[in-house]
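First residue of the first sequence: 113, per the numbering used here; consecutive thereafter.
Each residue gets a CB set at the ideal place from its N, CA and C atoms; glycine is no exception.
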Amino acid sequence: MDKIDISNIDKKWQSFWSEKKNKFKNTDKNKKFYCLEMFPYPSGKIHMGHVRNYAIGDVVARYKMMNGFNVLHPMGWDSFGLPAENAARENNLNPKEWTKKNISAMKHQLKLLGLSVDWDREISTCDEEYYKHQQELFIDFYNKGLVVRKETYVNWDPIEKSVLANEQVIDGRGWRSNAIVERKKLYQWFFNISKFSEELLEDLDTLKEWPERVKLMQKNWIGKSVGCEINFKLSGVEKFIKVFTTRPDTIFGATFLAVSVDHPICENYKKLPKFLDFKKKCSQVGTTEEAIANAEKIGFKTDLEVEHPFIKDKTIPIYVSNFILMDYGTGAIFGCPAHDQRDFEFATKYNLEIKPVVKPKDANLINLKNEAYTGDGTIINSEFLNGLKVPDAKEKIVKEIAKKNIGKKKITFRLKDWGVSRQRYWGCPIPMIYLKNGEVVPVDKSELPVKLPENIDVNSKGNPLDTHPTWKKTKYKKTGEEAIRETDTLDTFVDSSWYFIRFCSPKNKSKAFDEDSFKYWMPVDQYIGGIEHAILHLLYSRFFMRAIKYCNKRISIKEPFKGLFTQGMVCHETYQDEKGKWISPDQVENTQIGMKSKIDGSKIKVGPSEAMSKSKKNIVDPESMIKIYGADAVRWFILSDSPPERDVQWSTAGVSASHKFIQRIWALNQKTLNRNQNKNDDEKKFSLKFNEYVFKITDLIEKFQLNVAIAKIYEITSLFENNLEKKISNEKFINYQTQFLKMLLPFAPHLSCECLSKLEGKNFYSNMQWPKGSKSLLDKQEVTLVVQINGKKRALINAKKDLSEKDVLIEAKKIDNIKKNLKDKRIIKNIFVKNKIINFIIAK
RNA sequence: GCCCUCGUGGUGAAAUGGUAGACACAAAGGACUUAAAAUCCUUGCCCGUAUGGGAGUGACAGUUCGAGUCUGUCCGAGGGCACCA
Numbered sequence: 113m114d115k116i117d118i119s120n121i122d123k124k125w126q127s128f129w130s131e132k133k134n135k136f137k138n139t140d141k142n143k144k145f146y147c148l149e150m151f152p153y154p155s156g157k158i159h160m161g162h163v164r165n166y167a168i169g170d171v172v173a174r175y176k177m178m179n180g181f182n183v184l185h186p187m188g189w190d191s192f193g194l195p196a197e198n199a200a201r202e203n204n205l206n207p208k209e210w211t212k213k214n215i216s217a218m219k220h221q222l223k224l225l226g227l228s229v230d231w232d233r234e235i236s237t238c239d240e241e242y243y244k245h246q247q248e249l250f251i252d253f254y255n256k257g258l259v260v261r262k263e264t265y266v267n268w269d270p271i272e273k274s275v276l277a278n279e280q281v282i283d284g285r286g287w288r289s290n291a292i293v294e295r296k297k298l299y300q301w302f303f304n305i306s307k308f309s310e311e312l313l314e315d316l317d318t319l320k321e322w323p324e325r326v327k328l329m330q331k332n333w334i335g336k337s338v339g340c341e342i343n344f345k346l347s348g349v350e351k352f353i354k355v356f357t358t359r360p361d362t363i364f365g366a367t368f369l370a371v372s373v374d375h376p377i378c379e380n381y382k383k384l385p386k387f388l389d390f391k392k393k394c395s396q397v398g399t400t401e402e403a404i405a406n407a408e409k410i411g412f413k414t415d416l417e418v419e420h421p422f423i424k425d426k427t428i429p430i431y432v433s434n435f436i437l438m439d440y441g442t443g444a445i446f447g448c449p450a451h452d453q454r455d456f457e458f459a460t461k462y463n464l465e466i467k468p469v470v471k472p473k474d475a476n477l478i479n480l481k482n483e484a485y486t487g488d489g490t491i492i493n494s495e496f497l498n499g500l501k502v503p504d505a506k507e508k509i510v511k512e513i514a515k516k517n518i519g520k521k522k523i524t525f526r527l528k529d530w531g532v533s534r535q536r537y538w539g540c541p542i543p544m545i546y547l548k549n550g551e552v553v554p555v556d557k558s559e560l561p562v563k564l565p566e567n568i569d570v571n572s573k574g575n576p577l578d579t580h581p582t583w584k585k586t587k588y589k590k591t592g593e594e595a596i597r598e599t600d601t602l603d604t605f606v607d608s609s610w611y612f613i614r615f616c617s618p619k620n621k622s623k624a625f626d627e628d629s630f631k632y633w634m635p636v637d638q639y640i641g642g643i644e645h646a647i648l649h650l651l652y653s654r655f656f657m658r659a660i661k662y663c664n665k666r667i668s669i670k671e672p673f674k675g676l677f678t679q680g681m682v683c684h685e686t687y688q689d690e691k692g693k694w695i696s697p698d699q700v701e702n703t704q705i706g707m708k709s710k711i712d713g714s715k716i717k718v719g720p721s722e723a724m725s726k727s728k729k730n731i732v733d734p735e736s737m738i739k740i741y742g743a744d745a746v747r748w749f750i751l752s753d754s755p756p757e758r759d760v761q762w763s764t765a766g767v768s769a770s771h772k773f774i775q776r777i778w779a780l781n782q783k784t785l786n787r788n789q790n791k792n793d794d795e796k797k798f799s800l801k802f803n804e805y806v807f808k809i810t811d812l813i814e815k816f817q818l819n820v821a822i823a824k825i826y827e828i829t830s831l832f833e834n835n836l837e838k839k840i841s842n843e844k845f846i847n848y849q850t851q852f853l854k855m856l857l858p859f860a861p862h863l864s865c866e867c868l869s870k871l872e873g874k875n876f877y878s879n880m881q882w883p884k885g886s887k888s889l890l891d892k893q894e895v896t897l898v899v900q901i902n903g904k905k906r907a908l909i910n911a912k913k914d915l916s917e918k919d920v921l922i923e924a925k926k927i928d929n930i931k932k933n934l935k936d937k938r939i940i941k942n943i944f945v946k947n948k949i950i951n952f953i954i955a956k
C-alpha cells in the first residue's frame with residue numbers, strides 16, 4: 113500500500129486553490145459571510161499562535177463556503193510598531209526594508225498552511241496607500257470634533273530624552289538607559305472615545321455572539337458609576353473644592369479631603385520645596401494603573417481646610433495624595449477611612465480620625481483595626497441618615513445635597529479619552545500642522561498622504577521625525593505661510609481599528625472604503641483572535657465604527673463584529689540546563705533516564721508549560737513542523753488537543769500522532785477503492801450511525817467545539833474501518849466515504865481533497881457541498897436508557913426511541929441485577945425521563 | 001491593588017442537571033516479524049476468578065430522586081490593567 117506523499121500533495125492543492133481563488137461552485141451571492149482572523153504583526157516568522165488562529169478561521173471559512181455562502185476571508189499586515197524601530201537600532205536596518213522582508217517571509221510561511229485566504233485583498237498598514245486613508249479619517253474625525261488636543265502624562269526617560277512604552281519600563285527604570293523613569297506632561301492628540309461611553313456600554317447587549325466574559329471585561333473597563341458631586345467650601349474664603357464620590361451615604365464619616373498632585377489648588381505650593389519634593393516622588397511612580405495601585409500611599413498636608421457641609425463647625429484637612437487621579441472624577445475625593453480601603457490605609461499612615469458610619473448586620477463584624485468595612489449595613493453616627501440602609505441613605509443624601517445647592521447626582525465613566533500620539537518614527541504621521549500664530553490646522557486633504565521620510569537617523573536621541581533636518585518644515589496650503597508638521601505618529605491601535613473595513617474594498621484609491629462594498633460585507637460575521645485583545649483593540653474598533661457613522665450618513669452600522677471568538681494561547685514545556693539557562697525544545701531529547709541535552713548530554717530540568725515566548729525559548733517553529741509532518745497534521749493537532757478557547761499544549765508526540773492519523777485515512781481510502789462487495793444487508797445499521805455523526809459534527813462546528821468534532825472524526829474512521837468487510841455495496845460505501853471526507857475537509861483540506869479526487873478517479877476535485885443528514889433516519893436511532901436505584905446506576909437498556917414509561921418499567925424489571933436489588937424492597941416512586949433514565953426510589 | 005478566567009486519570013481532554021473519563025497522547029502486556037520499524041489487540045483506583053460492589057471531578061457546605069455541571073465560602077493556577085501587538 114502506498115504512503116501519502118505529504119509535501120507533493122500540499123504543493124499540488126495549494127497551487128490548485130490559488131488558481132481557483134478558493135471559490136467553490138455553489139456560492140450564492142445573496143448569502144455573504146465575512147470571516148476574519150486578527151491580522152498578524154510581521155515579526156518575520158509565524159508562530160504557533162498564528163497557526164492556531166488561522167487554522168480555526170480556516171475551518172469556519174471553508175465550512176461556510178461548503179454551505180453555499182459567498183465568503184470573504186482576507187489577510188493583511190499590522191505592520192507599524194515598535195519592534196521595527198528596535199530592529200533598526202540594533203541591526204542598523206531601515207524599518208521599512210525590515211518590515212517588507214518580514215512580510216514576504218511570513219506570507220510564504222502562511223501559504224504553507226493551505227489557508228483559504230483571498231490574497232488579492234492583501235493590505236499592509238505601513239503602505240502609503242493604507243495610511244493615506246487613515247489620515248483622511250483622522251481629519252474627518254477632527255472636523256466633526258472627535259479629535260481633541262490636551263495634556264497627559266507619559267513615561268519619560270531623562271537620559272534617552274524619549275517617551276517610553278510601558279513595556280520599556282522595567283522596575284521603574286528605562287530598559288536601555290537604566291535611568292529612573294519620570295512622569296512627564298505632554299500635549300497629545302486624543303480621540304474622543306468617552307463621547308460614546310454610554311453607547312459603547314449599552315450596545316454590548318446587542319452582541320449576542322460575543323463571549324460573555326469579553327463583554328463583562330468591556331463593561332468593567334468602561335466602568336459606569338453612579339455617584340454624586342459635592343462642593344466643599346474652603347474655610348474662611350468663598351472658594352469651593354468639587355469632589356466626586358460613589359458613597360455619598362458615608363459623608364458623615366469624612367475625615368479628610370484628598371486631591372491629585374495635578375489639582376489646580378496645588379498651584380499655591382508650586383514654589384514650596386517640600387511640595388516639589390513630594391511631587392517628584394509621585395512622578396517616579398509609573399503610569400500604569402497597576403503601578404499606581406500598588407504604590408505606597410503618600411500624602412502632603414496642605415494648610416487648607418474645608419467645612420463639613422452637614423456637621424456644623426467641623427473642619428476637615430486637605431491632603432495632596434498620589435492615589436488620586438486627575439483624569440477620573442474631579443481629581444478630588446473626601447476620605448472616609450472607615451469604609452474605603454485606600455482611605456483607611458492613608459488615614460492609618462497619617463493618624464487621621466477613623467469614624468464608622470455603617471453598621472454591618474452582624475455588629476460583631478465591625479473591626480476597624482486592620483481594614484475598612486466596605487459591605488452593606490445600616491447607617492449610624494449620621495444625624496438624619498441614621499437607621500437607613502445604604503441604598504436608601506444614598507438616595508436621601510443626594511436629595512439633601514441638591515436641596516442645599518452644593519452638588520448633584522453625577523454619572524462618571526472610568527473610560528478615558530484615547531490618547532493616540534506616539535513620539536516615534538514607525539507609525540502613521542498625524543496630518544496636522546502648527547502655524548506661526550499658534551493655530552493648529554489639518555493638512556489639506558489634497559496633500560495626503562503625509563509620508564514618512566525614509567532617510568532617518570534611528571540612533572538619534574528623541575523622536576526621529578522631530579530631529580530630522582527638514583521633514584517637519586512645510587507650508588499651509590490655504591495661505592502659503594510656513595508651518596511646522598506634527599511630529600508625533602498615531603498609536604498602532606488606530607491602524608487596526610478600521611482594517612476590516614478596508615478589506616471590503618482594498619484597492620479603492622479615492623477613499624478609505626467604498627460604501628456599496630461596505631454595505632455588502634460589513635459587519636464581520638465571525639471575528640477570531642486572541643483573548644489578549646478583549647478590551648482595547650475591540651473597544652477601539654467599536655469606537656471607530658461609530659465615529660465613521662458619525663461622519664458618513666450612508667453608514668448605519670454601529671458594531672463592526674457580529675460574532676467574536678477568542679482563542680487560547682499555545683504553550684510548551686520549558687527547559688533549563690543545570691545553570692538555569694533556557695534551552696529550546698529542539699535541543700532536548702527524551703531518554704529513559706529523563707530529559708537530556710542533544711548537544712552535550714547534560715541533564716535538563718523540565719519546567720511547567722507556559723505560553724510560547726522568545727525569552728523562555730519554548731518555541732516550536734511551524735515551518736519545520738510542516739516540513740516534517742505536513743500542513744494537515746500541524747493544523748489537525750493544534751485543533752484536536754484542547755477546546756479552541758482554552759490554552760493548548762504543543763507536543764511533538766501529538767503532532768506525530770496526527771500525522772499517523774493522516775496516514776490512516778489515506779490507507780482507508782485505498783482499502784475502500786480496493787474492496788469488492790455488492791450486497792447491502794448491513795447498510796441500514798451503518799447508515800443510521802453515520803447519519804448521526806453528520807448531525808453531530810455539523811452542530812459541533814457551529815458551536816466551535818472543534819476538538820470534539822475531531823474526536824468524532826476519529827470515531828467515524830473506526831466505523832468505516834470496521835465496516836470494510838461488511839455487506840455494503842461499493843457504490844454505497846464510496847458515497848458515504850465521500851460525505852465523510854467532506855466533513856474532514858475544513859480540518860485537513862489537502863488530505864481530504866486528494867482522497868476525494870482519488871475516489872472520483874480524477875486529478876482534481878472542487879465540487880464541495882457540506883453533507884446533509886436525514887432527520888427521519890435520526891429518529892430511527894436506538895437510545896441507551898440508564899436504570900438507577902436511588903440515583904445509582906444499576907443497569908442499561910438499549911431500546912427504540914421514545915419508549916413509554918410503562919414499557920421501560922417492564923423492561924427494567926426483567927433485568928437480573930434490578931430484580932435482585934428490588935427484591936423485598938418497597939418502591940416509593942419512579943422517576944422517568946424519556947430516552948434518558950428510569951430511577952427507582954426505594955425505602956431504606 | 002482592581003478586574004476576568006480556569007481547577008476532572010500519568011497527560012491533553014469529553015459529558016442539553018441523568019452511564020464521569022468519549023477521543024487522543026504516554027505507559028505496561030500481547031499478536032505479527034529471524035529482528036526492528038510499521039500496524040493491530042488488551043489493560044489501566046480499591047475488593048472480587050467473575051456476574052458485581054465501593055471510592056472518585058481542588059476543599060468544605062447547600063439545593064435535588066440525581067451535581068463535574070446550580071448556590072455559597074475557602075484554597076490553588078493563569079491572564080488583563082490604557083505607549084507591546
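Suppose you measure from the CA of residue i to the CA of residue j; what does that come to, to the nearest Å?
i	j	result
lysine 307	isoleucine 334	12 Å
arginine 288	aspartate 269	9 Å
tyrosine 381	aspartate 389	11 Å
aspartate 946	glutamate 917	At residue 946 the sequence reads lysine, which differs from the aspartate that was named. C-alpha separation (whole angstroms): 7 Å.
phenylalanine 422	isoleucine 518	11 Å
valine 432	lysine 461	14 Å
tyrosine 153	phenylalanine 605	12 Å
leucine 249	alanine 624	8 Å
isoleucine 667	isoleucine 643	29 Å
threonine 730	valine 338	Contrary to the premise, residue 730 reads as asparagine rather than threonine in this sequence. Their backbone Cα atoms lie some 47 Å apart in a straight line.
serine 372	cysteine 394	10 Å
leucine 853	alanine 924	40 Å
isoleucine 828	aspartate 753	18 Å
isoleucine 695	threonine 764	16 Å
lysine 471	glycine 499	9 Å
lysine 424	alanine 514	18 Å
asparagine 206	asparagine 819	43 Å
Classify residue i as helix, strand or coil using the three-state DSSP reduction.
i	result
valine 373	coil
lysine 693	coil
tyrosine 588	coil
phenylalanine 798	helix
glycine 574	coil
leucine 614	One point to set straight first is that residue 614 is arginine, not leucine, in the sequence displayed. In the structure shown, arginine 614 sits in a helix (DSSP, three-state: H, G or I).
tryptophan 882	coil
proline 543	coil
Do residue i and residue j have their C-beta atoms within less than 8 Å of each other?
i	j	result
isoleucine 430	glutamate 417	yes
leucine 276	alanine 659	no
phenylalanine 368	leucine 298	no
cysteine 540	leucine 602	yes
**Study point:** Stretch pair the segment 167–174 + the segment 220–236: three plus CB contacts closer than 8 Å
**Key:** yes
Check your understanding: So, do the segment 314–322 and the segment 434–446 have three or more beta carbon pairs nearer to each other than 8 Å?
Key -> These segments do not touch.
Practice item. Check whether the segment 183–202 touches the segment 140–148, counting contact only when three or more Cβ pairs, one atom from each stretch, lie closer than 8 Å. Key: yes
Point to revise | In chain order, each alpha helix (DSSP H) run of at least 4 residues that lies wholly inside the segment 832–880 | key: 842–856 and 861–872
**Study point:** Entirely enclosed beta strand (DSSP E) segments - the segment 305–355, minimum 3 residues
**Key:** 336–345
**Study point:** Stretch-stretch touch, CB-based, cutoff 8 Å, three pairs: the segment 790–808 with the segment 841–850
**Key:** As far as the Cβ criterion goes, the segment 790–808 touches the segment 841–850, which means the pair count is three or higher.
Check your understanding: Taking contact to mean at least 3 C-beta pairs separated by less than 8 Å, is the segment 582–595 in contact with the segment 553–562?
Key -> yes
Review point. Do the segment 704–722 and the segment 638–653 make contact, defined as three or more Cβ pairs closer than 8 Å?
Key: no
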